[in-house]
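Undergrad: Chains as they are written, first to last, in our numbering: chain C, 245 to 767; chain R, 652 to 837.
Just dropping this structure here.
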């Protein structure tokens, strides 16, 4: 069956990149078909989702319950390289709003140097766009998402103030001030896409401390922009609809996207331009399934994640009051670059106090009166540092098609192979050294730092459709257009040439706004 | 040779089943989405005992609410609670008490000790869990039910009130609270 309607823009994926682009396009009077593999989550169910979060031990992303086994199947061989499986279900949400339904709301711009790591440090590749080119879009993205932030000399230059005042340091953060002074490092407040005051029809933060499910709506999620697009009457949203093929005609232009609903009803959706914003893994998979943009065998390669290295310990004589909000409010970029930056990737530090002594029931084999006493002795005495580390682009770290495993529709599922190189290991090792040094300076004498075999992922999926001016080394050009196909674009974390060590959502939003201007004319 | 080895293993397994036989459990079907008040209160009492706490009425009310939510949204969990409480009551009986709830603190501690030291990871226990549904349910208490109940407790008002907090994750408030010290541990 062929849909009669022809849209100005067909977008695959209703997450951060796709939702924002749909809102921009409809605001400018363009018709949009927005195709989303997942369903729509009713905001009024957030309190029930919060309860689910707090009553099911296998909690993430249990509260979103987005998984449909046949649709979301994947295979993984990451253990061979990184030493553990990459359990994708823990790292994304499918649905209207995408993974921003679940995120913590931390917002960062990449640093100007992140766009030029090859030129400055001899590692990675340079982006075909500069920070300066992207800066106006970063500022617009701040206002679209309602970022609460405090300008600081350690942060990249900005052309416009934050829309909301930043969250100040907590009373607990004061413990780090003398350490920073002694070591000459700079601490600054974290910026958040969480309202510090009412903004754009959304509540201010009500400190539920469960940011993965924000019942107040103070923490931004991209369903906000999808709703704005729908309210114009110009956006048709197709939920529970999986894009399966991009059809390219004989003259090298996309003619339609072929989709299937969960009951396997097929249709094609046509438009003037097509944007794939289906998250890093599914965007690459759709291009591979459609044999689009893979002229140089680049689609799916350079899959990157941010690796967190954790450390912490007890601080005698101190009592902190953690878990009163769900997020840390202090970070440092002082070790992001440094003298050894040519030897390792970026390292960003976040300072935390959240460590529940009641977890010692399983960790230390304590229960009954013993754990009650342990909690009394240890609650609030723990101080920790999380280091977000850069993952270098690596062609062997990739998404490919697994021809032996099929999804609900009979299509090959994505095969994940996340891989680390020597630089990544050096970066993680250096992060551990930095954490240990800072904890020692703070007076922690029982510090433990994750070994290299035990780290966690930030759930930041990047790469796989690299942006490059050279078709031989990338999938899309500087305007996110797929090389060789005039009306096909990819946007999102997938086009990042390098990962930096900073939360990517604002950069994704900025790239989406920039693409909107390219496709639709300046705002 | 192989046949003899398999026969010996089967014999050893059957013998081991007799040695470590758990309390006999009445057959409980899954999918009830509810439990009796007695079972609920016993489950909550067990959560308190796990954490060495005598729960207040407010604590019990909060944990009851969380348990109700879990039970209403997980068709396996009512049976998990029923199985747990049957074991708790059976152990209480061996200590001379009518039920787990009727136990004094010392008896509850003793029962918690036994539950927490169920060895569900040994080869024998894994074999037994495969061979018998009652054995499976017995080991499931340790690796699944306890994990769920401890998670529920750790998020609860009971856990946070004990630390002097008047607000806890899931309860709205004012983010400016973090600008001032909180209450000390009671």
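Even glycine gets a Cβ: it sits at the ideal position worked out from N, Cα and C.
Because the structure is a prediction, the values reported are computed rather than measured.
Residues of the segment 775-806 of chain R with a CB closer than 8 Å to any CB of chain C: list them in chain order, please.
TA: Result list: 798, 799, 801, 802, 803, 804, 805, 806.
Undergrad: Within the chosen definition, does the segment 574-587 of chain C reach the segment 597-606 of chain C through at least 3 CB pairs nearer than 8 Å?
TA: No: fewer than three Cβ pairs fall under 8 Å.
Undergrad: Using a Cβ-Cβ cut-off of less than 8 Å, give me the residues of the segment 548-581 of chain C that come near chain R, in sequence order.
TA: Answer in chain order: 563, 565, 567, 568, 569, 570, 573.
Undergrad: So residue 615 (chain C) contacts chain R; which residues on that side make the cut at Cβ distance below 7 Å?
TA: Within the first chain, residue 615 (chain C) is the residue found at index 371, counting from 1. What residue 615 (chain C) touches in chain R: 702, 703.
Undergrad: Considering Cα atoms alone, identify which of C:270, C:259, C:291, C:260 is closest to residue 252 (chain C).
TA: On the first chain, position 8 is the one that residue 252 (chain C) refers to. It is C:270 whose Cα lies nearest to the Cα of residue 252 (chain C).
Undergrad: Checking 8 Å against the spacing of the C-beta atoms, do residue 753 (chain R) and residue 741 (chain R) come in under that value?
TA: By one-based count along the second chain, residue 753 (chain R) stands at place 102. By one-based count along the second chain, residue 741 (chain R) stands at place 90. No, the pair does not count as a contact, with Cβ atoms beyond the cut-off.
Undergrad: Is there a C-beta anywhere in chain R that falls below 8 Å from the one on residue 752 (chain C)?
TA: Position 508 of the first chain, counted from the first residue, corresponds to residue 752 (chain C). Chain R, which has no Cβ nearer than 8 Å to the Cβ of residue 752 (chain C), makes this no.
Undergrad: Below 7 Å on C-beta distance, what does residue 674 (chain C) contact in chain R?
TA: Translated into the one-based positions of the first chain, residue 674 (chain C) becomes position 430. In chain order: nothing, as chain R lies at least about 31 Å away.
Undergrad: Indicate whether at least one CB of chain A lies closer than 8 Å to the CB of residue 449 (chain C).
TA: The chain inventory of the structure shown lacks chain A, comprising the protein chains C and R.
Undergrad: Where does residue 422 (chain C) fall in DSSP's three states?
TA: Walking along the first chain from the start, residue 422 (chain C) turns up at place 178. If DSSP states are grouped into helix, strand and coil, residue 422 (chain C) belongs with the helices.
Undergrad: Report the partner residues of residue 255 (chain C) according to the DSSP bridge assignment.
TA: Your numbering for residue 255 (chain C) matches position 11 in the first chain. Residue 255 (chain C) is bridged to C:278, C:519.
Undergrad: Under 8 Å Cβ-Cβ, which residues of chain C neighbour residue 650 (chain R)?
TA: With chain R covering 652 to 837 only, the question about residue 650 (chain R) has no answer from this structure.
Undergrad: Using a C-beta to C-beta distance shorter than 8 Å, which residues of chain R count as neighbours of residue 412 (chain C)?
TA: In the first chain, the residue the question calls residue 412 (chain C) occupies position 168. The answer, in chain order, is 830.
Undergrad: For residue 697 (chain C), count neighbouring C-beta atoms within 10 Å of its own C-beta (all shown protein chains included) and say buried if the count is 16 or more, exposed if not.
TA: On the first chain, residue 697 (chain C) is found 453 positions in, with the first residue counted as 1. So residue 697 (chain C) counts as exposed.
Undergrad: Quickly, what does DSSP pair residue 370 (chain C) with across the bridge? List them, please.
TA: Position 126 of the first chain holds residue 370 (chain C). Bridge partners of residue 370 (chain C): C:360.
Undergrad: Which term fits residue 835 (chain R), buried or exposed, when burial requires 16 or more other beta carbons within 10 angstroms of its beta carbon?
TA: Along the second chain, one-based indexing puts residue 835 (chain R) at 184. Exposed.
Undergrad: Compare the C-beta of residue 814 (chain R) against all C-beta atoms of chain C and say whether one is closer than 8 Å.
TA: Within the second chain, residue 814 (chain R) is the residue found at index 163, counting from 1. Yes, its Cβ sits closer than 8 Å to a Cβ of chain C.
Undergrad: Distance cutoff 8 Å, beta carbons only. Does residue 833 (chain R) sit that close to anything in chain C?
TA: Within the second chain, residue 833 (chain R) is the residue found at index 182, counting from 1. Interface residue, yes.
Undergrad: Starting from residue 760 (chain R), find everything on chain C with Cβ-Cβ shorter than 8 Å and list it in chain order.
TA: Working through the second chain from its first residue, we reach residue 760 (chain R) at position 109. Correct list: 612, 613.
Undergrad: Starting from residue 418 (chain C), find everything on chain R with Cβ-Cβ shorter than 9 Å and list it in chain order.
TA: The sequence position of residue 418 (chain C) within the first chain is 174, counting from 1. By Cβ distance, chain R contributes nothing, its closest Cβ being about 10 Å from residue 418 (chain C), past 9 Å.
Undergrad: Buried or exposed for residue 702 (chain C), going by 16 or more other Cβ atoms inside 10 Å?
TA: Residue mapping note: residue 702 (chain C) aligns to position 458 of the first chain, counting from 1. The residue is buried, with at least 16 neighbouring Cβ atoms inside 10 Å.
Undergrad: Should residue 334 (chain C) go down as buried or exposed, given a rule of 16 or more other Cβ atoms within 10 Å for buried?
TA: Numbered from its first residue, the first chain carries residue 334 (chain C) at position 90. Under this definition residue 334 (chain C) is an exposed residue.
Undergrad: Strictly below 9 Å CB to CB, what residues from chain R border residue 460 (chain C)?
TA: Position 216 of the first chain, counting from 1, holds the residue named residue 460 (chain C). Neighbours of residue 460 (chain C) on chain R, chain order: 823.
Undergrad: For residue 666 (chain R), count neighbouring Cβ atoms within 10 angstroms of its own Cβ and tell me buried if that reaches 16, exposed if not.
TA: Along the second chain, read from residue 1 onward, the residue named residue 666 (chain R) stands at position 15. Any reading at residue 666 (chain R) is ruled out, since the residue's pLDDT is 45, under 50, leaving its predicted position unreliable.
Undergrad: Select from the segment 620-632 of chain C all residues with a C-beta closer than 8 Å to any C-beta belonging to chain R, and list them in chain order.
TA: So the list reads 620, 623, 624, given in the order they occur along the chain.
Undergrad: Name the one or two DSSP bridge partners that residue 479 (chain C) has.
TA: Along the first chain, one-based indexing puts residue 479 (chain C) at 235. Residue 479 (chain C) is bridged to C:276.
Undergrad: With a cut-off of 8 Å, does the C-beta of residue 699 (chain C) fall near any C-beta of chain R?
TA: Residue mapping note: residue 699 (chain C) aligns to position 455 of the first chain, counting from 1. Output row for residue 699 (chain C): interface = no.
Undergrad: Can you name the residues that DSSP bridges to residue 548 (chain C)?
TA: For the purposes of this step, residue 548 (chain C) is identified with residue 304 of the first chain, where counting begins at 1. Residue 548 (chain C) is bridged to C:706.
Undergrad: Return the CA-CA distance between residue 733 (chain R) and residue 763 (chain R), expressed in angstroms with no decimal places.
TA: Indexing the second chain from 1 puts residue 733 (chain R) at position 82. Indexing the second chain from 1 puts residue 763 (chain R) at position 112. Whole-angstrom Cα-Cα distance: 16 Å.
Undergrad: How many angstroms separate the CA atom of residue 647 (chain C) from the CA atom of residue 488 (chain C)?
TA: Translated into positions along the first chain, residue 647 (chain C) becomes position 403. Translated into positions along the first chain, residue 488 (chain C) becomes position 244. One C-alpha to the other measures close to 15 Å.
Undergrad: Give a yes or no on whether the C-beta atoms belonging to residue 636 (chain C) and residue 589 (chain C) are separated by under 8 Å.
TA: As a first step, residue 636 (chain C) is located in the first chain; it is residue number 392 there, counting from the start. As a first step, residue 589 (chain C) is located in the first chain; it is residue number 345 there, counting from the start. Against a cut-off of 8 Å, the Cβ pair of residue 589 (chain C) and residue 636 (chain C) comes out as a contact.
Undergrad: With DSSP run on the structure shown, which of helix, strand or coil describes residue 746 (chain C)?
TA: Counting from one through the first chain, the residue named residue 746 (chain C) turns up at place 502. Coil at residue 746 (chain C), not helix or strand.
Undergrad: So with CB distances below 9 Å, who are the chain C contacts of residue 767 (chain R)?
TA: Taking the first residue of the second chain as position 1, residue 767 (chain R) is located at position 116. Chain C residues near residue 767 (chain R): 605, 609, 611, 612.
Undergrad: Leaving aside the five residues before and after residue 837 (chain R) along the sequence, list all residues of the same chain whose C-beta is less than 6 Å from its C-beta, in chain order.
TA: For the purposes of this step, residue 837 (chain R) is taken as residue 186 along the second chain, with counting starting at 1. Cβ neighbours of residue 837 (chain R) beyond the five flanking positions: 815.
Undergrad: Is residue 697 (chain R) close to chain C, meaning its C-beta is less than 8 Å from at least one C-beta of that chain?
TA: As a first step, residue 697 (chain R) is located in the second chain; it is residue number 46 there, counting from the start. Taking Cβ atoms only, chain C never reaches closer than 8 Å to residue 697 (chain R), which makes this a no.
Undergrad: Could you confirm whether any beta carbon from chain R is found closer than 8 Å to the beta carbon of residue 298 (chain C)?
TA: Stepping through the first chain from its first residue, residue 298 (chain C) is reached at position 54. Taking Cβ atoms only, chain R reaches closer than 8 Å to residue 298 (chain C), which makes this a yes.
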